[in-house]
Ligand SMILES: C[S@@+](CC[C@H](N)C(=O)[O-])C[C@H]1O[C@@H](n2cnc3c(N)ncnc32)[C@H](O)[C@@H]1O
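Residue numbers (the numbering used here): 94 to 415.
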């Protein structure tokens, strides 16, 4: 059967199906196609399959429908870290963004439409303007693709991946669509983000691979112990005060160090996160693993990406627990 006949057969089926069952039938067809892609269309080391990229793009567009341009919920209290290198502590100079949901092109469009500013007035009413610092609360699509196709460990036994602070679930979708993982777990303290990502997991029939837990990581020691790969992307810096961050980092590091052989992927470097809260901790159990070669390899297979990718990919750090 060719594609045209398949389409015509589906139309015929549709025409004899009772109206009340048509929506469920369409949902079933959709879930079948996602399942087929997941089982038969895994990515090669060099790139991501077209179908998987399309699903990720569709998830991104769904997230745009559910989130405002700054991708925050009113229920969240996002703070500026004390020792922040951004914005010199001036809240007007900061714009929260989410590089996964709204990429650079989306933000440029929003700026052109006047929904979003790239500069702010330092002295109200004057022309004394300065650039706004953009703080992204998630990995970009590029970072997701790079991590999932080049940094996740291969081998015969598939890893369990844990994203501490999974937010929209960006990394979890990427790992499921492009990587080889046994299971992905996202722990997210925000109920709004946990519910949003659960809805998408459900919509794209990804429940077998992705579990979202709505909780504080402090209550989730078991999940850290199960994980072969732990992801921590700017996880506490903008969401907790220094005292809370110190407690959270100590807890996570204590648990991660109990799992020799596990992989830890962070943004920024762990030492930088600890320095920003003046926290001392013996990190000798974390062996840094250079990702230079992986970046070069990724850029070779994605030549259109260039300087922008290079900068964002270099923010990623990888460690092996010894
Ligand atoms: C910068 S976002 C990271 C998003 C995601 N990992 C990614 O890279 O796309 C950090 C997330 O961590 C969550 N978070 C902060 N403190 C947490 C905690 N104690 N337990 C669980 N999640 C937490 C925040 O609500 C936020 O959604």
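Positions of the beta carbon are idealized from the N, C-alpha and C atoms, including for glycine.
Q: Determine the extent of the beta strand (DSSP E) in which residue 172 is found, giving its start and end residues.
A: Careful: residue 172 lies outside any beta strand (DSSP E) and carries neither H nor E.
Q: Might you give, ordered along the chain, the residues of its own chain that have their beta carbon closer than 8 Å to the beta carbon of residue 374, omitting 5 neighbours on each side?
A: Excluding five sequence positions before and after residue 374, the CB atoms of its chain that fall closer than 8 Å to its own CB belong to 342, 343, 346 and 367, given in chain order.
(Q) Could you tell me which whole alpha helix (DSSP H) segments of length 4 or greater appear in the segment 282 to 354? (A) Runs found: 284 to 296, 314 to 319 and 335 to 349.
Q: Please indicate yes or no: does the CB of residue 375 lie closer than 7 Å to some heavy atom of ligand 1?
A: In terms of side-chain proximity, the C-beta atom of residue 375 is found no nearer than 7 Å to any non-hydrogen atom of ligand 1.
Q. Among all the DSSP beta bridges, which residues are the ones paired with residue 372?
A. In DSSP, residue 372 forms no bridge with anything.
Q. Which partner residues of residue 435 appear in the DSSP bridge assignment?
A. Beyond the ends of the chain as shown, which are 94 and 415, falls residue 435; an answer cannot be given.
Q | Beta-carbon proximity check, residue 348 vs residue 317, cutoff 8 Å | A | Cβ distance < 8 Å, so residue 348 and residue 317 count as in contact.
Q. Rounded C-beta distance between residue 413 and residue 382? I'm assuming under 8 Å.
A. In this structure, residue 413 and residue 382 form a Cβ contact; the two beta carbons are roughly 5 Å apart against a cut-off of 8 Å.
Q.
Please report the straight-line C-alpha distance between residue 394 and residue 271, rounded to a whole angstrom.
A. Taking the straight line joining both Cα atoms gives about 15 Å.
(Q) On a Cα-Cα basis, can you pick out the residue from 142, 377 and 405 that is closest to residue 242? (A) Answer by Cα proximity: 142.
(Q) Suppose you measure from the CA of residue 323 to the CA of residue 113; what does that come to, to the nearest Å? (A) Straight-line measurement puts the Cα of residue 113 at about 44 Å from the Cα of residue 323.
(Q) Using only CA atoms, which one of 295, 249, 162 and 149 lies nearest to residue 304? (A) In terms of CA proximity to residue 304, 295 leads the group 295, 249, 162 and 149.
Q) Does the beta carbon of residue 404 fall short of 7 Å from some heavy atom of ligand 1? A) When distances are taken from the beta-carbon of residue 404 to the heavy atoms of ligand 1, even the shortest one reaches 7 Å or more.
Q) What is the rounded straight-line gap between the Cα of residue 104 and the Cα of residue 314? A) Between residue 104 and residue 314, the C-alpha separation is close to 51 Å.
(Q) Contact between the segment 319 to 338 and the segment 384 to 392 is defined here as three or more beta-carbon pairs at a separation below 8 Å; is this criterion met? (A) The segment 319 to 338, when compared against the segment 384 to 392, does not touch it at the 8 Å Cβ threshold.
Q) Given a threshold of 16 other Cβ atoms within 10 Å of its Cβ, counted over all protein chains shown, does residue 327 qualify as buried or as exposed? A) By the neighbour-count rule (16 or more Cβ atoms within 10 Å), residue 327 is buried.
Q: Kindly give me the distance between the Cβ atoms of residue 245 and residue 263, rounded to whole angstroms, as I take these residues to be in contact under 8 Å.
A: Contact doesn't hold; Cβ gap of about 15 Å is too wide.
Q.
Is residue 231 near ligand 1 - that is, is its Cβ less than 7 Å away from at least one heavy atom of it?
A. Checking the 7 Å criterion, the Cβ of residue 231 is within range of a heavy atom belonging to ligand 1.
Q. For residue 192, which option in 405, 369 and 411 has the closest C-alpha, if you only look at C-alpha atoms?
A. Of 405, 369 and 411, the smallest CA-CA separation from residue 192 is found for 405.
Q) If you follow the beta strand (DSSP E) that residue 208 is part of, which residue opens it and which one closes it? A) For residue 208, no beta strand (DSSP E) encloses it, and the DSSP letter there is neither H nor E.
Q.
Taking the beta carbon of residue 67 as the centre, do at least 16 other beta carbons fall within 10 Å, making it buried, or is it exposed?
A. Outside the displayed range of the chain (94 to 415) lies residue 67, so it cannot be described from this structure.
Q | residue 289, buried or exposed, once every other Cβ within 10 Å from all chains shown has been counted against 16 | A | So residue 289 ends up on the buried side.
**Q.** DSSP three-state assignment for residue 180, whether helix, strand or coil
**A.** Note that residue 180 scores 48 on pLDDT, short of 50, meaning its location in the model is unreliable; the coordinates nonetheless yield the value given after this. Here residue 180 sits in helix by DSSP.
Q. Hey, is residue 333 close to ligand 1, as in C-beta under 7 Å from one of its heavy atoms?
A. Result yes, Cβ under 7 Å from ligand 1.
Q: Whole angstroms is fine: what's the gap from residue 228's alpha carbon to residue 238's?
A: Cα-Cα distance, rounded: 20 Å.
**Q.** Beta-carbon spacing of residue 279, residue 265 below 8 Å
**A.** Yes, the Cβ-Cβ distance between residue 279 and residue 265 is below 8 Å.
Q | Element boundaries [alpha helix (DSSP H), containing residue 158] | A | Secondary structure note for residue 158: its alpha helix (DSSP H) is the uninterrupted segment 143 to 159.
Q: Run the CB neighbour count on residue 138, radius 10 Å, all protein chains shown included, and call it buried at 16 or more, exposed below.
A: Here residue 138 scores only 40 on pLDDT, less than 50, and its place in the model should not be relied on; the value that follows carries that caveat. Flag for residue 138 reads exposed.
**Q.** Cβ-based burial, residue 167 [other Cβ within 10 Å; buried from 16]
**A.** Around the beta carbon of residue 167, fewer than 16 other beta carbons lie within 10 angstroms, which makes this residue exposed.
Q: Measuring alpha carbon to alpha carbon, tell me which of 203, 240 and 371 ends up nearest residue 385.
A: Comparing Cα-Cα distances from residue 385 to each of 203, 240 and 371, the minimum goes to 240.
Q) Where does the unbroken beta strand (DSSP E) through residue 196 begin, and where does it stop? A) In the DSSP assignment, residue 196 falls outside any beta strand (DSSP E), carrying neither H nor E.
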